[in-house]
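Peer 1: Following this message is one structure expressed as C-alpha cells.
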Amino acid sequence: MEEKKELDEIINFLIQVGKLKERKRRGWLAHKIKNPETTASHIFRATLLAWVLARKKKGLNIEKVLKMTLIHDLCEVHTKDETPYDPLLPDNLQDREKVEKVLDKWPNFTLKQKREKIFKKYKREFRSLKKLVSGLPQDLKEEIINLWREFENGLSEEGRFVKQIDKAENYLQGMEYWKRYGKIRQKLWARWAKEIFDDSVIVKFFRALDDKLIK
Amino acid sequence: MTERKKFYLTKKGLEGFKKQYQFLKSIRAAKIKGEVPKIWESEDLNPEYLSFQEDLNFIETRLAELENILKNSELIKPPPEEKARFVDLGATVTIQVDGDKDEFTIVGTLEANPALGKISNESPVGGALLGHKIGDEVVVSSPIKVTYKIKKIKYI
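Same order as they appear, the protein sequences are chains A and B. Heads up: the first sequence at position 20 corresponds to 2 in the numbering used here, and the numbers run straight through without jumps. If you want the numbering used here, it's the 1-based position in the second sequence plus 469.
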C-alpha cells in the first residue's frame, strides 16, 4: 500500500474508533447511571489494569497483553455492547418497568440459549471488527484480528488473562457506581465475580477491591 | 506463552484440543504447500473452526499453545464410587443460591466458561465447593457472603 493511501486508511480507522469515546455503555444506561462511562473509558482503565497486574505474572507477554486490551472492544464501533442481560433487556431502556424486572434477577438461560447467545455475539462482533479494520495495511489488520480472536476464544495465556481483566475493570466500575449511586445489585455482581475470576492475580485483586470498597 | 504445571481437562475437552491440534496441523501443511484448503464445515459451535483461513503465523502460535496444553494435560477421571458423593473436578453440581437454582460443572481453567455453567476449580466458588457433599452449605465470603447449598452431585 502506498504511504499516502496507508495513512489515509489509518486516519479513517482512528476516526471510526473515536466514536467509542462517546459510546455510553448500555449496561450502565440500563441501571440509570447518570453520565456513564463510555466504551473508550472502559478500554483505557482496563489497559492500565492489565499492565499493572500483568507485572505480577511470570512469562506473560506484556506488549501482547496491552495491545489485546486496547483492541478488545473495538468491534463495538459497528455493533452494540452486549450485557449479560441481553436479549432480555428491551431496546428502549426508558421502559423502566421492564428494565427493572430484568435487572432484579441474574438472567437464567437454558444451555441451548446460552450457546446460541455466545455464538451469535461472536459472529456479530467478528464481522464488525473485520469491517472496521478492512482498510488497514495487511499486517496491522491481521494482528488486530488475531489478537481479538485470541482474546475472545481464550486461545493463549494472554487471551485468558485479558478476558478476566475486561471483567475485573467492569466489576470495579460497577462497585464504584454502587458506592456513588446505589443502583447496582451489588450482591448479584459479587456472586457473578466469584464464579468467573480464576486467575490467581485477578482473584487477589478482586478480594482487595471488595475489602476496600465494600467493607 | 507461559508454562503451567498441569491443565486439568475433561475427556471431551481433551479430545477437543487434540482435534483442534490435528486440524490446524493439516491446515498448516496445506498452507505450506500453497494449497487452498477446501471449506471445512462443522456443526461444532467452536467459532475457531469457522474461520480457518488464518495466516500461518497465527496457526503456528496456536499450535505451540496446543502442544503445551497437550503436554501438560491431566485427564479428569470420574472418582471411585465411595468418593462420588463429594464435589471434585468433573462434578456437575446443582446448587441453591439466593433462592435461585443453578447448575455448575467444575472444570479446569482451560475449559471454564461461566456463561455456559462451567466453573473453574481455581475460582472462589469452584474452589470452595470442592470436597463438599449434598446438603452442605458453602459460604463464599469476599466480604459479601454468598451461600451455596448443594442439592445434587453427579459425574458423567
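A virtual CB, placed ideally from N, CA and C, is assigned to each residue, including glycine.
1) Output needed for K39(A): all residues of its chain with C-beta closer than 6 Å, excluding positions within five of it in sequence on either side, in chain order.
2) The beta strand (DSSP E) that contains L544(B), what's its start and end?
3) Per DSSP, S592(B) forms a beta bridge with which residues?
4) Mind checking who N582(B) pairs with in its DSSP beta bridge?
5) Run through chain A and tell me which residues come within less than 7 Å of V594(B), C-beta to C-beta.
6) For D121(A), does the three-state DSSP call read helix, strand or coil?
7) I'd like to know whether the C-beta of W88(A) is nearer than 8 Å to at least one C-beta of chain B.
8) Can you list, in chain order, the residues of its chain whose CB lies under 8 Å from that of F179(A), leaving out five sequence neighbours each side?
9) From the DSSP output, which residues share a beta bridge with F476(B)?
10) Alpha carbons only, please: which of Y163(A), L191(A), T29(A) and G156(A) is nearest the one belonging to W171(A)?
11) Alpha carbon to alpha carbon, how far is K103(A) from G117(A)? Give it in angstroms, no decimals.
12) List the endpoints of the continuous beta strand (DSSP E) containing Y153(A).
13) What residue does the beta strand (DSSP E) around E606(B) start on, and which one ends it?
14) On a CA-only basis, which of L539(B), V594(B) and G604(B) is nearest G485(B)? Give me that one, please.
15) List the residues of chain B whose Cβ lies closer than 8 Å to the Cβ of L93(A), in chain order.
16) Can you tell me whether G141(A) sits near the ligand FAD, meaning its C-beta is under 7 Å from at least one heavy atom of the ligand?
17) Mind checking if E484(B) is an interface residue toward chain A, Cβ cutoff 8 Å exclusive?
18) Identify the continuous beta strand (DSSP E) that holds F573(B) and give its terminal residues.
19) Return no unless some Cβ of chain B is closer than 8 Å to the Cβ of R78(A).
20) Evaluate the contact criterion for the segment 593 to 608 of chain B versus the segment 544 to 553 of chain B: three or more CB pairs, one atom per stretch, below 8 Å.
21) For the putative contact between E125(A) and C57(A), defined by C-beta atoms under 8 Å, what is the C-beta separation to the nearest angstrom?
22) Is DSSP giving G485(B) helix, strand or coil here?
23) Determine, using beta carbons only, whether D77(A) and R8(A) come nearer to each other than 8 Å.
24) Label M50(A) either buried or exposed according to how many other C-beta atoms from any shown protein chain fall within 10 Å of its C-beta, with 16 as the threshold for buried.
25) Would you mind telling me which residues of chain A sit closer than 8 Å to E543(B), beta carbon to beta carbon, in chain order?
26) Starting from the beta carbon of V183(A), find every residue of chain B whose beta carbon is closer than 7 Å, and list them in chain order.
27) Under a Cβ-count criterion, where at least 16 other Cβ atoms within 10 Å of its own Cβ denotes burial, should A36(A) be classed as buried or exposed?
28) Less than 8 Å between the CB atoms is what I'm expecting for L579(B) and L478(B), so what's the real figure, rounded?
29) Can you confirm whether the segment 70 to 84 of chain A touches the segment 127 to 137 of chain A when touching is taken to mean that 3 or more C-beta pairs between the two stretches lie within less than 8 Å?
30) Name, please, each residue of chain A whose Cβ falls closer than 8 Å to the Cβ of T616(B).
31) For L216(A), which residues in the same chain have their Cβ closer than 7 Å to its Cβ, ignoring the five residues on either side in sequence?
32) Check whether the segment 154 to 168 of chain A touches the segment 136 to 145 of chain A, counting contact only when three or more Cβ pairs, one atom from each stretch, lie closer than 8 Å.
33) Is Y624(B) helix, strand or coil when you go by DSSP?
34) Indicate the three-state DSSP secondary structure (helix, strand or coil) for F555(B) in the structure shown.
35) Below 6 Å CB to CB, which residues in the same chain sit around T65(A) once its five sequence neighbours on both sides are set aside?
Peer 2: Per the coordinate set shown:
1) Same-chain partners within the cutoff: V183.
2) First-last of the beta strand (DSSP E) with L544(B): S542 to L544.
3) Beta-bridge pairing links S592(B) to no other residue.
4) K587(B).
5) Simply K176 and E177.
6) For D121(A), the three-state secondary structure derived from DSSP is helix.
7) So, interface residue.
8) Answer for F179(A): Q146, K149, A150, V185 and F188, listed in chain order.
9) Beta-bridge analysis with DSSP links F476(B) to S542(B).
10) Out of Y163(A), L191(A), T29(A) and G156(A), G156(A) has the C-alpha closest to the C-alpha of W171(A).
11) Rounded to the nearest angstrom, the two C-alpha atoms are 23 Å apart.
12) First-last for Y153(A): E139 to Y163, but that is the alpha helix (DSSP H), not the beta strand (DSSP E).
13) Counting along the chain, the beta strand (DSSP E) containing E606(B) begins and ends at E606 to V609.
14) Comparing Cα positions, the closest option is L539(B).
15) Within 8 Å Cβ-Cβ: L585 and G586.
16) Questions concerning the ligand FAD fall outside what the structure shown contains, since it holds no ligand whatsoever.
17) No - not a single Cβ of chain A is within 8 Å of the one on E484(B).
18) Where F573(B) is concerned, the enclosing beta strand (DSSP E) stretches over D569 to V576.
19) The beta carbon of R78(A) sits no closer than 8 Å to any beta carbon of chain B.
20) With a cut-off of 8 Å, the segment 544 to 553 of chain B and the segment 593 to 608 of chain B do not count as touching, because too few Cβ pairs lie within range.
21) Contact flag wrong, Cβ pair sits at about 15 Å.
22) For G485(B), the three-state secondary structure derived from DSSP is helix.
23) No, the Cβ-Cβ distance between D77(A) and R8(A) is not below 8 Å.
24) Around the beta carbon of M50(A), a 10 Å sphere encloses 16 or more other beta carbons of the protein chains shown; the residue is thus reported as buried.
25) Among the residues of chain A, none has a CB under 8 Å from the CB of E543(B); the nearest is roughly 17 Å distant.
26) The premise fails here: V183(A) is roughly 11 Å from chain B at the closest Cβ pair, so nothing lies under 7 Å.
27) Counting the other Cβ atoms within 10 Å of the Cβ of A36(A) gives 16 or more, which makes it buried.
28) L579(B) to L478(B), Cβ: 7 Å. Contact.
29) In this structure the segment 127 to 137 of chain A does not touch the segment 70 to 84 of chain A; the number of beta carbon pairs closer than 8 Å is below three.
30) Within 8 Å Cβ-Cβ: nothing; T616(B) doesn't reach chain A, min ~10 Å.
31) Since the first and last residues shown for chain A are -17 and 197, residue 216(A) lies out of range.
32) No, they do not touch.
33) In this structure, Y624(B) counts as strand in the three-state DSSP scheme.
34) Here F555(B) sits in strand by DSSP.
35) Exclusion of the five residues before and after T65(A) leaves R8 and G9 as the residues of its chain whose Cβ lies within less than 6 Å of its Cβ.
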